[in-house]
Amino acid sequence: MLGRKMLLIALSVMGVFIIYLGLESLNRSTVNISAEKDSSPSETEIAEIVEKIKDKTHKKYNIGTYNMNSNVDNNSQGIDIEIIGSQEYYDSVKNEIKEIVKSTTTSTSFEDYSININKSRIDQVISEERREEHHLIHEIMVTINDYLSEFYPDQLDKIDLDYTAPELRIEVKLLLNETASGEGKEMEKNIYIYLEENLSSNKFVKNKSVKINIFNSHGEKTN
């Protein structure tokens, strides 16, 4: 009977010990999980690594943006850099920049981050704006040329436009050595009217004040 009690006591002690080990193991697992959740870099660390990458790249390369995605929950940790320039320029520098970023992040919290070097869309937007501007300027020049060719045949030498100033400047150079009194003023007035009637939707004509200068073959202003 005594031996049986001793056996029960021994089993009870072992049970308590096993439960203790289980709880200890659970606590360690919980600590490890918490540590993993807290392992994402701080905002200070992110700012410092981005600054280091900038210091090594912004003077040498045409870079538009630097972005750091450190979202642990959706496993989208990555460093995104956009290059401004032509496709040829992008192809020639993207691998160099990637290697610089890789060497900068080695042995840091960002070592395993994906590195994404992309071509900026700014160029595409700028190109579209330039095409639109060229189209509008071409439209104005053709319209003025058609008008002068019809109403002042064989008198036009060339037309120059400057749309970079606050006002739209149109310079018309004639082949004539001189013009009749008041003819330059009349030509200027008629060009204004013709532009308003035919190009009212052209944003340069619509949104800018228009300044027209007319010169004879000697470069003398006639209006």
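Sequential numbering from 87 applies to the sequence shown in my numbering.
Glycine included, every Cβ here is placed at the ideal spot set by N, Cα and C.
Bear in mind that the values here come from a model prediction, so they are computed numbers and not experimental data.
Cβ-Cβ distance between I135 and T194 below 9 angstroms: Along the sequence shown, one-based indexing puts residue 135 at 49. Along the sequence shown, one-based indexing puts residue 194 at 108. It is a contact, given that the beta carbons lie within the stated cut-off.
At least 3 beta-carbon pairs within less than 8 angstroms: the stretch 288 to 305 vs the stretch 247 to 254: Under the Cβ criterion (8 angstroms, minimum of three pairs), the stretch 288 to 305 counts as touching the stretch 247 to 254.
Can you give, in chain order, each stretch of the alpha helix (DSSP H) that sits fully within the stretch 157 to 199 and has at least 4 residues? Unbroken alpha helix (DSSP H) stretches of 4 residues or longer found wholly inside the stretch 157 to 199: 173 to 191, given in chain order.
Taking contact to mean at least 3 C-beta pairs separated by less than 8 angstroms, is the stretch 199 to 219 in contact with the stretch 233 to 247? With the cut-off at 8 angstroms, the stretch 199 to 219 and the stretch 233 to 247 do not touch.
With a threshold of 16 other CB atoms inside 10 Å of the CB of G268, please say whether the residue is buried or exposed. In the sequence shown, residue 268 corresponds to position 182, counting from 1. Under this definition G268 is an exposed residue.
Could you give the residue range of the alpha helix (DSSP H) that holds G150? Counting from 1 along the sequence shown, the entry for residue 150 is found at position 64. For G150, no alpha helix (DSSP H) run applies; the uninterrupted beta strand (DSSP E) run containing it begins and ends at 149 to 155, by DSSP.
Which value, in whole angstroms, describes the spacing of the CA atoms of K146 and S178? Counting from 1 along the sequence shown, the entry for residue 146 is found at position 60. Counting from 1 along the sequence shown, the entry for residue 178 is found at position 92. Roughly 13 angstroms between the two C-alpha positions.
Does G101 come out as helix, strand or coil in the three-state DSSP assignment? Against the sequence shown, residue 101 aligns to sequence position 15. Only weak support exists for where G101 lies, its pLDDT of 49 falling under 50; the value from the coordinates is given anyway. In the structure shown, G101 falls within a helical segment according to DSSP collapsed to helix, strand and coil.
Let me know the beta strand (DSSP E) ranges lying completely inside the stretch 200 to 246, each 3 residues or longer, listed in chain order. The qualifying runs are 200 to 205.
Indicate the three-state DSSP secondary structure (helix, strand or coil) for Y106 in the structure shown. Taking the sequence shown and counting its residues from 1, one reaches residue 106 at position 20. Unreliable placement is indicated for Y106, whose pLDDT of 47 sits below 50; the coordinate value is still reported in the next sentence. Helix.
Looking only at its own chain, which residues have a Cβ that is under 8 angstroms from the Cβ of F301, when we skip the five neighbours before and after it? The count along the sequence shown starts at 1 and reaches residue 301 at position 215. Only E257, V258, K259, L260, K307, T308 meet the Cβ criterion.
Would you kindly work out how many angstroms separate the C-alpha atoms of T70 and I245, rounded to a whole number? Residue 70 lies beyond the range of the chain shown here (87 to 309); nothing can be said about it.
Same chain only: Cβ atoms within 8 angstroms of V102, ignoring 5 sequence neighbours per side: The residue you call residue 102 lines up with position 16 of the sequence shown. With a pLDDT of 46 at V102, under the threshold of 50, the modelled position of that residue is not reliable, and the figure given next carries that caveat. Cβ neighbours of V102 beyond the five flanking positions: none.
Limits of the unbroken alpha helix (DSSP H) element including L281: What you label residue 281 is simply residue 195 of the sequence shown in a count that begins at 1. First-last of the alpha helix (DSSP H) with L281: 269 to 284.
Here's the rule: buried if 16 or more other CB atoms are within 10 angstroms of the residue's CB, otherwise exposed. What is G305? Looking up residue 305 in the sequence shown gives position 219. Burial call: exposed.
Among S286, N276, M154, whose alpha-carbon lies nearest the alpha-carbon of G164? One-based indexing of the sequence shown puts residue 164 at position 78. Checking every option, the nearest Cα to that of G164 belongs to M154.
CB of T143 within 9 angstroms of CB of I186, strictly: Taking the sequence shown and counting its residues from 1, one reaches residue 143 at position 57. Taking the sequence shown and counting its residues from 1, one reaches residue 186 at position 100. Contact flag set, yes.
Measuring only the C-alpha atoms, how far is S126 from N204? Taking the sequence shown and counting its residues from 1, the one referred to as residue 126 is at position 40. Taking the sequence shown and counting its residues from 1, the one referred to as residue 204 is at position 118. Near 25 angstroms, if we compare the C-alpha coordinates of N204 and S126.
Return the first residue and the last residue of the beta strand (DSSP E) that K259 is part of. If you number the sequence shown from 1, residue 259 lands on position 173. Taken as a continuous stretch (DSSP letters only), the beta strand (DSSP E) holding K259 covers 254 to 260.
Using the beta-carbon count (16 or more within 10 Å), is I183 buried or exposed? In the sequence shown, residue 183 corresponds to position 97, counting from 1. Buried is the label assigned to I183, since at least 16 other Cβ atoms lie within 10 Å of its Cβ.
What would DSSP say about N293, mapped onto helix, strand or coil? Residue mapping note: residue 293 aligns to position 207 of the sequence shown, counting from 1. In the structure shown, the three-state DSSP call for N293 is helix.
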